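One structure is given below, encoded as structure tokens.
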Amino acid sequence: RQGSVEETVKHGVIIVATGAEVLKPYGQYLYGEDPRVLTQMELEERLAKGDFKAERVVMIQCVGSRVPERPYCSRICCYEAVKNALKIKELCPGAEVLVLFRDVRTYGFRELYYREAREKGVVFARYTLERPPEVLREGDKLLVRFYDPATRSEVVTEADYVVLSTAIVPRPDAADLAKMLKVPLSQDGFFLEAHVKLRPLDFASDGIFLCGMAHYPKFIDECVAQACGAAARAATILSKPYLEVEAAVASVDTARCRGCGRCEEVCEYGAISVVEEDGRLVAKVNEALCKGCGACSVRCPTGAVRVKHFKPEQILAQVLAVAMA
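Residue numbering for the sequence shown follows the working numbering, beginning at 702 and increasing consecutively.
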């Protein structure tokens, strides 16, 4: 979709790489009310200009993430805070930087940046979910009040800027796209792969792949690696003149089908649908999409849906033969 123009594209595969968004924490910590309260992305834009000046900066981690409504970790926030803290120290060597965290998760080699930040005087202080920091205004002063569990005391400090490390959230249209493609979302609203280890780039439906922050929050290098993998998976399909479908697929006895649609409800692959035929509703199977899982056969109340494989009588005979051996 480009503006108001819609275009239909014939395609062989789909790679979902729609990305994610940074949460705008309006209503929290005076964000949107005081121009001195920024997100890490907004701070990074100012640091890139090279004219950032401050004597004391307080950063608050896990704003909008690791909370009941968003229990997941956004993964990139801790490193972004450490990176920006080092940049502040570079531009303003005498500046004090205080990072209020719940847990520091600069995983991998990014732990080296965390060590460097501590060596250069960046102070890290823990806070708890039960007692989050407060950002206050007293006249022209911007104050941060927090409880330090290490000293078991309440601390109040003045800040020139308060920087919020906000959550990475799914795009608002992710649910509509998932419904259109008939692919699942995780409980956090990100797209869900077929199997976290065996098929990390695939959806359950053939020909649809996944990469980037549409999957879950990750760094650019991880997004690039995943995109290369998704492109390689797509090439395995595009390089073939045709695809072979599974022989074990569902079939419908239209004489017994009453068109209730229960089979359509349970199919995870969008392979079965209810259509009108000869003036009555019946289920039809798209054999190219069907995986032969048998969920529709189990759900059918009339027994009209069967899988073209071993019949129940044959499987029962095998079980009895093994039991009697």
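Even glycine gets a Cβ: it sits at the ideal position worked out from N, Cα and C. Since this is a predicted model, take the numbers as computed values, not measurements.
- A984 and V1006 do touch by the CB rule: their CB atoms are close to 7 Å apart, below 8 Å.
- In this structure the region 960–979 does not touch the region 933–942; the number of beta carbon pairs closer than 8 Å is below three.
- Measuring C-alpha to C-alpha distances from Y814 to each of E831, E781, V836, R838 identifies E781 as the nearest.
- Excluding the 5 residues flanking it on each side, G913 has same chain C-beta neighbours closer than 7 Å at A718, G720, C924, Q927, A928, in chain order.
- Note on Y917: 16 or more other CB atoms within 10 angstroms of its CB, so buried under the neighbour-count rule.
- A residue is called buried when at least 16 other Cβ atoms come within 10 angstroms of its Cβ; G765 meets this threshold and is buried.
- For T858, the three-state secondary structure derived from DSSP is strand.
- Residues of the same chain with a CB within less than 8 Å of the CB of G960, apart from the 5 flanking positions on each side, are V975, R981, L982, V983, A984 in chain order.
- Residue range 741–750 is occupied by the alpha helix (DSSP H) that includes R747, with no beta strand (DSSP E) assigned at that position.
- One alpha carbon belongs to G930, the other to L911, and they sit about 9 Å apart.
- Between E797 and R757, the C-beta spacing is below 7 Å.
- The residue among K790, A879, F753 with its C-alpha nearest the C-alpha of E817 is K790.
- In the DSSP assignment, the residues bridged to Y848 are E855.
- Note: L837 is bridge-paired with L844 in the DSSP secondary-structure output.
- By the beta-carbon neighbour count (other beta carbons within 10 angstroms, threshold 16), K1012 is exposed.
- DSSP places M1025 in the uninterrupted alpha helix (DSSP H) bounded by 1013–1025.
- V759 is positioned such that its CB atom lies no closer than 7 Å to that of A826.
- Residue pairing by DSSP places R1007 opposite S952 in a beta bridge.
- Note that the C-beta distance between Y828 and L865 is not below 7 Å.
- Taking C-alpha positions only, V999 is separated from L739 by approximately 55 Å.
- Counting only residues of its own chain and dropping the five nearest sequence neighbours on each side, G1004 has a CB closer than 7 Å to the CB of R957.
- Of V823, F810, A875, L799, the smallest CA-CA separation from V845 is found for L799.
- Under the three-state reduction of DSSP output, K784 falls in the helix class.
- In the structure shown, K985 adopts extended strand secondary structure according to DSSP, grouped into three states.
- 7 Å or more divides the Cβ of G993 from the Cβ of V1020.
- A direct Cα-Cα distance of roughly 59 Å separates S952 from L744.
- DSSP places R872 outside any alpha helix (DSSP H), giving it a letter other than H or E.
- Ranking S887, Q1015, F920, S906 by CA distance to the CA of F810 puts F920 first.
- Looking at the backbone, the Cα of E835 and that of P794 are separated by about 27 Å.
- Residue pairing for R827: DSSP places it in a beta bridge opposite F802.
- For V967, the secondary structure class from DSSP, reduced to helix, strand or coil, is helix.
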